[in-house]
Amino acid sequence: MHATDLKDSGDPASVAALSVAEACGSRNPAFVQLLGLCPLLAVSGTTANALGLALATLLVLIGSNVVISLLRGALPAPARLPAQMLVIAGFTTCAMLLMQAFAFDVYERIALFVQIIVTNCIILARAEQVASRTRVGTAARDGFATGLGFALALVTLGMVREILGQGTLFVGMEQLLGESARGWAIDLGGRGLLLVGLPPGAFITAALLVALANRIFRGNRGHEPADT
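FYI, in our numbering the residues of the sequence shown are 587 to 814.
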């Protein structure tokens, strides 16, 4: 991340929250900063699965950023990280319950990775670097932008893998968005490439998309190393 993200002068203006353009482009948390790759690779076999996790992560990011920002003046430094983890865990539980109630079929397929959203380094990074140091509005915008950037990466990878691996697109979307989305399914013909649907295919496809993102945004980032 840029050095301005790590500055803690007490002035909210000194902390650089991500804009939507940055999060979806030159500072995308997944394809550029290489954060959150475990769930990105694991659930991106279909667009429906990818979108399900993306929406859950977006909810947790926005909610946890808002609450952590509200609590920022009430927490002593030693209690800050445990409190942040508790807040994120609470919103992760909310996301799990919502998916169980409204998209249970999708939840069954990606349950493990919804449950471990609490450990997602993207959420922890934004909580510590932005939400704990800025006003609520800024924290909420940062959570939305970061979540949207991660969702873009996740859904893009899911679409590419579904098209190449299964020869379909948007199959199963009705399980997430309701019966009106059943007609979105597209059969592109053919059986697809088996490798793309397997774990090695996830790595290969993600690597190609990361390479493309670096090719596009290399001029903006220079030789800045990715976050760890």
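Glycine included, each C-beta is placed from N, C-alpha and C at the ideal position. Keep in mind it's a predicted model, so treat the numbers as computed, not measured.
- Message: Suppose the cutoff is 7 Å on Cβ atoms and the five residues either side in sequence are ignored; what does the same chain contact list for Ile708 look like?
- Response: Pro615, Leu621, Gly622, Thr732 and Phe736
- Task: Return the Cβ separation of Leu781 and Leu626 in integer angstroms, given the expectation that the two are a contact with Cβ distance under 8 Å.
- Result: About 18 Å separates the two Cβ atoms, so there is no contact after all.
- Within 8 Å, strictly: CB atoms of Ser630 and Ala725: no
- Message: Check this for me: beta carbons of Val700 and Ala607, under 8 Å apart or not?
- Response: no
- Residue closest to Ala660, alpha-carbon to alpha-carbon, out of Phe803, Gly723, Arg719 and Glu694: Arg719
- Task: Check whether the Cβ atoms of Gly783 and Gly751 sit closer than 8 Å, and answer yes or no.
- Result: yes
- To which residues of the same chain is Ile749 closer than 7 Å at the C-beta, ignoring the five residues directly before and after it? Leu755 and Leu774
- Message: If I measure Cβ to Cβ from Gly758 and keep anything under 7 Å in the same chain, skipping five residues before and after, which residues do I get?
- Response: Thr632 and Ala634
- Item | Terminal residues of the alpha helix (DSSP H) in which Asn651 lies | Thr633 to Leu657
- Message: In this structure, how does DSSP classify Leu780 when only helix, strand and coil are distinguished?
- Response: helix
- Message: If you follow the alpha helix (DSSP H) that Met671 is in, where does it begin and where does it stop?
- Response: Ala663 to Phe688
- Query: Near Arg727, what residues of its chain come up, given a Cβ to Cβ distance below 7 Å and the 5 sequence neighbours on each side ignored?
  - Reply: Ala603
- Do the CB positions of Phe617 and Ala793 come within less than 8 Å of each other? no
- Rank Arg695, Arg658 and Ile648 by C-alpha distance to the C-alpha of Ala761 and give the top, closest one. For the sequence presented, residue 761 should be read as Gln rather than Ala. Comparing Cα positions, the closest option is Arg695.
- Between Ile648 and Thr678, what straight-line distance do the alpha-carbon atoms span, to the nearest angstrom? 11 Å
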